[in-house]
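See below for the structure under consideration.
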Amino acid sequence: MSVKLYFVLLLGGVFVTSCSQVKNENMESSSTNPFAKGSQVNNANFTGTVWLNYLVETDTAHNVNIGSVTFEPAARTNWHYHKGGQILLVTAGKGLYQEKGKPIEIIHKGQVVKCPADIEHWHGATATDTMTHIAIGTNTDIGGAVWLRPVTDEEYHTR
Ligand code: MN
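In structure tokens, the structure reads:
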């Protein structure tokens, strides 16, 4: 083996090692998702494994924020509402959406969901599918998300 090839392999090994140490982050797009999964969400507003790639931060010119959110099977948001409303563009998989007092709806790739302002709801994956949606927070000058309690397993499985 040439010395040059040896160093290429050595550097390759170092690179693979350092990448494998980066857990909970995925910046690759895929054939199904145009936007990368982003970073794993770690807060009490969600149940299960959720990934967020924050695409557009709100500003006073546009008054929106946009993120690609990926829910692994059975993952979901807490109950919440948006003071300025929200639009969901489902980009992959199959998931669930429920407004308070209404039945759970199945949502799937290609579907657009409008969440009216101040209406309590939750969204997430089905128990067996991963679901990705682009979440657009609208009218952010009015206000953002107001987070409430988790969706219980009983609520999640009631259909
Ligand atoms: Mn929402």
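Add 246 to the 1-based position in the sequence shown for our numbering, that's all there is to it. Here a beta-carbon is modelled for each residue, glycine too, at the ideal position from N, C-alpha and C. Predicted, not measured: the structure shown is a model, and the values here were computed from it.
What is the residue span of the beta strand (DSSP E) that residue i lies within?
| i | result |
| --- | --- |
| HIS367 | 367-371 |
| MET377 | 377-383 |
| VAL336 | 332-345 |
| SER276 | First-last for SER276: undefined, no H or E at that position. |
| HIS354 | 351-354 |
| LYS360 | 358-361 |
Would you report the Cα separation of residue i and residue j, rounded to the nearest angstrom?
| i | j | result |
| --- | --- | --- |
| ASN385 | VAL310 | 6 Å |
| LYS360 | GLU318 | 22 Å |
| GLY383 | THR374 | 27 Å |
| GLY347 | THR378 | 24 Å |
| ILE273 | ARG322 | Looking at the sequence shown, residue 273 is not Ile but Met. Distance between the alpha carbons of MET273 and ARG322 is about 21 Å. |
| LEU342 | TYR402 | 9 Å |
| ASN270 | LYS283 | 10 Å |
| ALA320 | TRP297 | 13 Å |
| THR263 | THR404 | Summary for THR263: the model assigns pLDDT 36, below 50, so the residue's position carries little reliability; its value from the coordinates is reported in the next sentence. When rounded, the distance between both Cα atoms is 44 Å. |
| LYS355 | GLY339 | 5 Å |
| GLY370 | THR306 | 29 Å |
Where does the unbroken alpha helix (DSSP H) through residue i begin, and where does it stop?
| i | result |
| --- | --- |
| GLU400 | 399-403 |
From the DSSP output, read off the bridge partner residues of residue i.
| i | result |
| --- | --- |
| THR323 | PHE292 |
| ASN299 | SER314 |
| ALA391 | HIS328 |
Next on the checklist: Residues around ligand 1, please: the ones whose beta-carbon is closer than 6 Å to some heavy atom of it, in chain order.
Outcome noted: HIS326, HIS328, GLN332, CYS361, HIS367 and HIS369
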